[in-house]
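Residue numbers (this note's numbering): 857 to 1233.
Here the structure is laid out as structure tokens; the discussion comes afterwards.
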């Protein structure tokens, strides 16, 4: 019988005045399992908050995932809790021969329960993402724990043959997949023991009953680092779900927007993976009645967020007839305003003159005004 000893060993560390990292552990199946957790700057114990589970790659650790993904900054803006668990032996059990054999699905389910009790997690809004081995694990969670995971966003990780062949999801699961076409570690076209990106997305498109053909958009090439991004969207799907691919043309085995690592290919800087992931998964909830709807969601998308290289890109619904875009400081001061270029549905905004901080960007038209937050680091 699996045993979970709910005695937590918690060490609170404050970094500056605005961020907190909490290290915790419990004994599960006879071994100590640990994690690092970040609470957003506006954390309120009386308010139920979403949870992002961010899973590291093979040989890595939770703290390393925290450092290169920079999810903490996104969590402070989006007001959600993010946890970085440690795999036993720095690996996740995703079905590879010779890989980990620990019950990681059980461990992560127990971790959700523990964090819910400690930090008032919204159990309808628990999400999973991960790099490489952590991406494979995200898919396994969708297959086996879909009743608890509202959406997943794997990066540079697909599905093992075993996981693919045995996957019987309990519900339709929204999926965002990010992958470089020049990934030599987890090949885009598949390899020995694992499926290709196209095979994996075909599985989820079929299961979610999505349209057969995606809408494809070439994203702006903001930084000349040798790669570009295409967004493929299959929507609408059953139960208000969606499948999306951010295909990094000539991208390597990396986390877009992070610090580049030598020897693993190009790191794309046109997008910030952590921001794209939150923008996607945050639209979904296990409680479908309170999930996405045309009225609840803004009709424009801001990226990269946090902004970088002095530019902010906004994609918007041309049918909404916006007239102007305005940027406000948090004290209400108007700091930038320009007309909306409604011909293309994409607007590039030069933010060179903005100081570091949190800003509000507002798109407005006749009888319509919508606002989102973004960060200038």
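C-beta atoms are modelled at their ideal positions from N, C-alpha and C, and glycine is treated no differently.
Element boundaries [alpha helix (DSSP H), containing residue 994]: Counting from one through the chain shown, the residue named residue 994 turns up at place 138. Annotation: the continuous alpha helix (DSSP H) that includes residue 994 extends over 989-1000.
Same chain, Cβ closer than 8 Å to residue 869, neighbours up to 5 away in sequence not counted: Here residue 869 corresponds to residue number 13 of the chain shown, with the count starting at 1. Note that residue 869 has pLDDT 34, beneath the 50 cutoff, so the model's placement of it is unreliable and the number below is only indicative. Once the five neighbours on either side are set aside, the close Cβ partners of residue 869 are 876, 877, 878, 879.
Nearest neighbour of residue 890, chosen from 898, 881, 1040 [CA to CA]: For the purposes of this step, residue 890 is taken as the residue at position 34 of the chain shown. Relative to residue 890, the option among 898, 881, 1040 whose CA is nearest is 881.
Alpha helix (DSSP H) segments (min. 4 residues) lying fully within the region 1066-1127: Under the rule that a run must span 4 or more residues, no alpha helix (DSSP H) segment is found entirely inside the region 1066-1127.
contact_flag[the region 949-958, the region 1117-1137] where n(CB pairs < 8 Å) is 3 or more: A contact is defined here as three or more CB-CB pairs under 8 Å, and the region 949-958 fails this definition with respect to the region 1117-1137.
For residue 1023 and residue 1016, the rounded distance between their alpha carbons: Numbered from 1 along the chain shown, position 160 holds the residue referred to as residue 1016. Numbered from 1 along the chain shown, position 167 holds the residue referred to as residue 1023. Their backbone Cα atoms lie some 10 Å apart in a straight line.
Per-residue DSSP class, three states only, for residue 1211: Taking the chain shown and counting its residues from 1, the one referred to as residue 1211 is at position 355. Reduced to three states, the DSSP call for residue 1211 is coil.
Short Cβ contact (9 Å threshold) for residue 935 with residue 917: The residue you call residue 935 lines up with position 79 of the chain shown. The residue you call residue 917 lines up with position 61 of the chain shown. A distance of 9 Å or more separates the beta carbons of residue 935 and residue 917.
Residue 1204 burial status per 10 Å Cβ neighbour count (16 or more: buried): Residue 1204 sits at position 348 when you count from the first residue of the chain shown. Exposed, by the Cβ-count rule.
CB of residue 1196 within 9 Å of CB of residue 1172, strictly: If you number the chain shown from 1, residue 1196 lands on position 340. If you number the chain shown from 1, residue 1172 lands on position 316. One thing to note: residue 1196 has its Cβ within 9 Å of the Cβ of residue 1172.
Residues that DSSP places opposite residue 892 in a beta bridge: For the purposes of this step, residue 892 is identified with residue 36 of the chain shown, where counting begins at 1. In the DSSP secondary-structure assignment, residue 892 is bridged to 879, 940.
Per-residue DSSP class, three states only, for residue 1183: As a position in the chain shown, residue 1183 is number 327, starting the count at 1. Here residue 1183 sits in strand by DSSP.
Separation of residue 992 from residue 1075, as counted between CA atoms: Taking the first residue of the chain shown as 1, we reach residue 1075 at position 219. Taking the first residue of the chain shown as 1, we reach residue 992 at position 136. In a straight line, the C-alpha of residue 1075 is about 26 Å away from that of residue 992.
Span separating the alpha-carbon of residue 1092 from that of residue 1214: By one-based count along the chain shown, residue 1092 stands at place 236. By one-based count along the chain shown, residue 1214 stands at place 358. Straight-line Cα distance between these residues: approximately 32 Å.
Spatial distance of residue 913 from residue 1189 (CA atoms): Taking the chain shown and counting its residues from 1, the one referred to as residue 913 is at position 57. Taking the chain shown and counting its residues from 1, the one referred to as residue 1189 is at position 333. In a straight line, the C-alpha of residue 913 is about 43 Å away from that of residue 1189.
Secondary structure of residue 1014, DSSP reduced to three states: Within the chain shown, the letter at position 158 stands for residue 1014. The answer is coil: DSSP assigns residue 1014 none of H, G, I, E or B.
Within 9 Å, strictly: CB atoms of residue 1108 and residue 1040: In the chain shown, counting from the first residue as 1, residue 1108 sits at position 252. In the chain shown, counting from the first residue as 1, residue 1040 sits at position 184. Taking a C-beta distance under 9 Å as the contact criterion, residue 1108 and residue 1040 qualify as a contact pair.
Contact under 9 Å by Cβ, residue 1013 with residue 987: As a working mapping, residue 1013 is identified with position 157 in the chain shown. As a working mapping, residue 987 is identified with position 131 in the chain shown. Contact flag set, yes.
Burial state of residue 1248 (16 or more Cβ within 10 Å): The displayed coordinates of the chain run from 857 to 1233. Any statement about residue 1248 would go beyond what the structure contains.
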